[in-house]
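Numbering (my numbering), first residue to last: 1 to 327.
Some notes on the structure that comes next.
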Amino acid sequence: MTDSFNQDFLIATDQYQETMDSVVFPFLKARETRHDLNGKDGSPLYCVSYRADDPAATILLLHGFTENALKYSELIYSLLQNHFSVLTYDQRGHGRSGRTPGISDSSVTHVNRFADYVDDLSVVCDRVLSGMPEPHMIFSHSMGGAVASLFLETRPEVFSAAVLCAPMIAPNTGAPAPVANLVCRAGCLLGRGKHRPFFLKPYSGPEDFDTSCATDPVRFSWYDRIKAARPEFRNSVPTYRWTVEAIGVTKQILSPGAPERIACPVLLTAADKDFSVMPEPQKKFIARVPKGRYMFFRNSRHEIFRSTNDVLFPWWHEVLSFFRNPC
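Dropping the structure here:
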């Protein structure tokens, strides 16, 4: 370990861009394996795995809404250095994975059914994760947390531990959920299900740090430059159908008996200033998980993994400690 990294191999230097380019990316590239994979309906999934030395487990990393696997490169590097192999993929409609025909704007994010995300996770687990070092664990963020929660409720035998980072048990739509649901259902009925809502703007260039989900301007700027340069990473807004599906996921996740079916230990980490997801449904969910733990992190926004070092380092240390000893 050099002075560029902390004890858990997160970047501790102001030379963030240089460290990512000269150390992190070459390390990941040398250990990367690309997997040719399609969802159950044939939709292409960009899926990669990374081999750790003497792996203690394999972590499946599942990104959030409008994100992709590359955005998590710093965390993947840390996991590998801590002897966790990693499997990750861009969820459908995101990044380098397949998009629904008829949507030409790369900033628009669409899904026909939220269950498609869960089906994709099943495919990745059955076809790739099953052949990787055990035990198998999952780290998921935001929308990925909703996908992981539904998966854990229906297939409790696959993972031996799970971390849900600011999970989307219920999205914050900016308006009461019944109102947002009504508006977006009307848009679907009018044949605009694959279009962005009229009140949302598509990606138009570099984003504003002050209104972002990050608190670290250095980590924010690193990814913002990548997003601006690569059209496939410009996911920014949902469609009417995506919003209807996202609102409906809360009832599914919190349905009678569902959280209680989750067999593995689950750590839910919640953010202090989170304007993307609702906090109370998170608490209701984790309270019903038999082996659930809840941790709240102050001075953080929705993307805790893009916090300043004083928040990021303790949070990630807790995550690693949980993966080493989830019981």
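The C-beta atom is built at its ideal place from N, Cα and C for all residues, glycine as well.
- request: Starting from the C-beta of Glu-260, find all residues in its chain whose C-beta is less than 8 angstroms away, skip the five residues before and the five after it, and write them out in chain order.
  value: The sequence position of residue 260 within the sequence shown is 260, counting from 1. Counting only Cβ-Cβ distances below 8 angstroms, and skipping sequence neighbours, we find Arg-288, Val-289, Pro-290.
- request: Have a look at Asp-3 and Leu-10 and give me their C-alpha separation to the nearest angstrom.
  value: As a first step, residue 3 is located in the sequence shown; it is residue number 3 there, counting from the start. As a first step, residue 10 is located in the sequence shown; it is residue number 10 there, counting from the start. Taking the straight line from one Cα to the other gives about 11 angstroms.
Any beta strand (DSSP E) of 3 or more consecutive residues that is wholly inside the stretch 39-84: 44-50, 57-62
message: Beta-carbon within less than 7 angstroms of Asp-119's beta-carbon, same chain only, minus the 5 sequence neighbours each way: which residues are those?
response: Residue mapping note: residue 119 aligns to position 119 of the sequence shown, counting from 1. Closer than 7 angstroms at Cβ, skipping near neighbours: Gly-39, Lys-40.
message: Here's the rule: buried if 16 or more other CB atoms are within 10 angstroms of the residue's CB, otherwise exposed. What is Phe-297?
response: For this step, residue 297 is matched to residue 297 along the sequence shown. Buried: at least 16 other Cβ atoms inside 10 Å.
task: Whole angstroms is fine: what's the gap from Asn-82's alpha carbon to Asp-8's?
output: Numbered from 1 along the sequence shown, position 82 holds the residue referred to as residue 82. Numbered from 1 along the sequence shown, position 8 holds the residue referred to as residue 8. The straight-line gap from Cα to Cα measures roughly 7 angstroms.
query: What's the gap between the Cα of Thr-154 and the Cα of Asn-6?
result: Within the sequence shown, the letter at position 154 stands for residue 154. Within the sequence shown, the letter at position 6 stands for residue 6. Cα to Cα, the separation comes out at about 38 angstroms.
field: Sub-8 angstroms separation of Leu-129 and Ala-148 beta-carbons
entry: One-based indexing of the sequence shown puts residue 129 at position 129. One-based indexing of the sequence shown puts residue 148 at position 148. Not closer than 8 angstroms, so no.
message: The beta strand (DSSP E) that contains Ser-97, what's its start and end?
response: Within the sequence shown, numbered from 1, the residue matching residue 97 stands at position 97. From DSSP, Ser-97 is part of no beta strand (DSSP E); its letter is neither H nor E.
query: Which partner residues of Cys-165 appear in the DSSP bridge assignment?
result: On the sequence shown, position 165 is the one that residue 165 refers to. Per DSSP, His-141, Thr-269.
task: Out of Glu-134, His-136, Ser-300, state which residue places its alpha-carbon closest to the alpha-carbon of Asp-216.
output: What you label residue 216 is simply residue 216 of the sequence shown in a count that begins at 1. Looking at the Cα atoms, Ser-300 is the closest of the given residues.
message: Helix, strand or coil for Asp-36? Go by DSSP, reduced to three states.
response: As a first step, residue 36 is located in the sequence shown; it is residue number 36 there, counting from the start. If DSSP states are grouped into helix, strand and coil, Asp-36 belongs with the strands.
Extent of the continuous alpha helix (DSSP H) to which Tyr-16 belongs: Walking along the sequence shown from the start, residue 16 turns up at place 16. Looking at the DSSP string, the run of the alpha helix (DSSP H) that includes Tyr-16 is 16-19.
query: Do Phe-233 and Gly-95 have their C-beta atoms closer together than 8 angstroms?
result: For this step, residue 233 is matched to residue 233 along the sequence shown. For this step, residue 95 is matched to residue 95 along the sequence shown. Yes, the pair counts as a contact, with Cβ atoms nearer than the cut-off.
- prompt: Given a threshold of 16 other Cβ atoms within 10 Å of its Cβ, counted over all protein chains shown, does Glu-74 qualify as buried or as exposed?
  reply: To locate residue 74, count along the sequence shown from 1; it is residue 74. Glu-74 comes out buried.
- prompt: Given that a residue counts as buried once 16 or more other Cβ atoms are within 10 Å of its Cβ, and exposed if not, what is Thr-66?
  reply: Taking the first residue of the sequence shown as 1, we reach residue 66 at position 66. Thr-66 should be labelled buried.
message: Given this structure, state the Cα-to-Cα distance separating Val-237 from Pro-231, to the nearest angstrom.
response: Residue mapping note: residue 237 aligns to position 237 of the sequence shown, counting from 1. Residue mapping note: residue 231 aligns to position 231 of the sequence shown, counting from 1. Roughly 14 angstroms separates the two Cα atoms.
field: Span of the alpha helix (DSSP H) around Tyr-117
entry: Locating residue 117 in the sequence shown gives position 117, where the first residue counts as 1. That run of the alpha helix (DSSP H) goes 114-127.
field: Reduced DSSP secondary structure (H/G/I, E/B, other) of Asn-299
entry: As a first step, residue 299 must be located in the sequence shown, where it is residue number 299. Note: Asn-299 maps to strand in three-state DSSP.
N-terminal and C-terminal residue of the alpha helix (DSSP H) that Pro-26 is part of: Against the sequence shown, residue 26 aligns to sequence position 26. From DSSP, the alpha helix (DSSP H) with Pro-26 extends over 25-30.
task: Locate the alpha helix (DSSP H) running through Tyr-240, then write down its first and last residues.
output: Within the sequence shown, residue 240 is the residue found at index 240, counting from 1. Counting along the chain, the alpha helix (DSSP H) containing Tyr-240 begins and ends at 240-253.
message: What does the Cβ neighbour count give for Gln-330, buried or exposed, with the cut at 16 atoms within 10 Å?
response: Lying before the first or after the last residue shown, residue 330 is absent from the chain, which here runs from 1 to 327.
task: Take every Cβ of the stretch 161-175, pair it with every Cβ of the stretch 265-281, and state whether three or more of those distances are shorter than 8 angstroms.
output: yes
field: Alpha carbon of Thr-13 to alpha carbon of Leu-80, nearest angstrom
entry: For the purposes of this step, residue 13 is identified with residue 13 of the sequence shown, where counting begins at 1. For the purposes of this step, residue 80 is identified with residue 80 of the sequence shown, where counting begins at 1. If you take the alpha carbons of Thr-13 and Leu-80, they lie about 19 angstroms apart.
query: Under a CB-based cut-off of 8 angstroms, is Ala-146 close to chain C?
result: Within the model displayed, chain C is absent; a lone protein chain is all it includes.
query: Roughly how many whole angstroms lie between the Cα atoms of Ala-263 and Gly-205?
result: As a working mapping, residue 263 is identified with position 263 in the sequence shown. As a working mapping, residue 205 is identified with position 205 in the sequence shown. Computed Cα separation, rounded: 44 angstroms.
- prompt: Quick one: what does DSSP say Val-289 is sitting in, helix, strand or coil?
  reply: Position 289 of the sequence shown, counted from the start, is the residue given in the question as residue 289. Note: Val-289 maps to coil in three-state DSSP.
- prompt: Can you list, in chain order, the residues of its chain whose CB lies under 7 angstroms from that of Asp-105, leaving out five sequence neighbours each side?
  reply: Indexing the sequence shown from 1 puts residue 105 at position 105. The answer, listed in chain order, is Pro-202.
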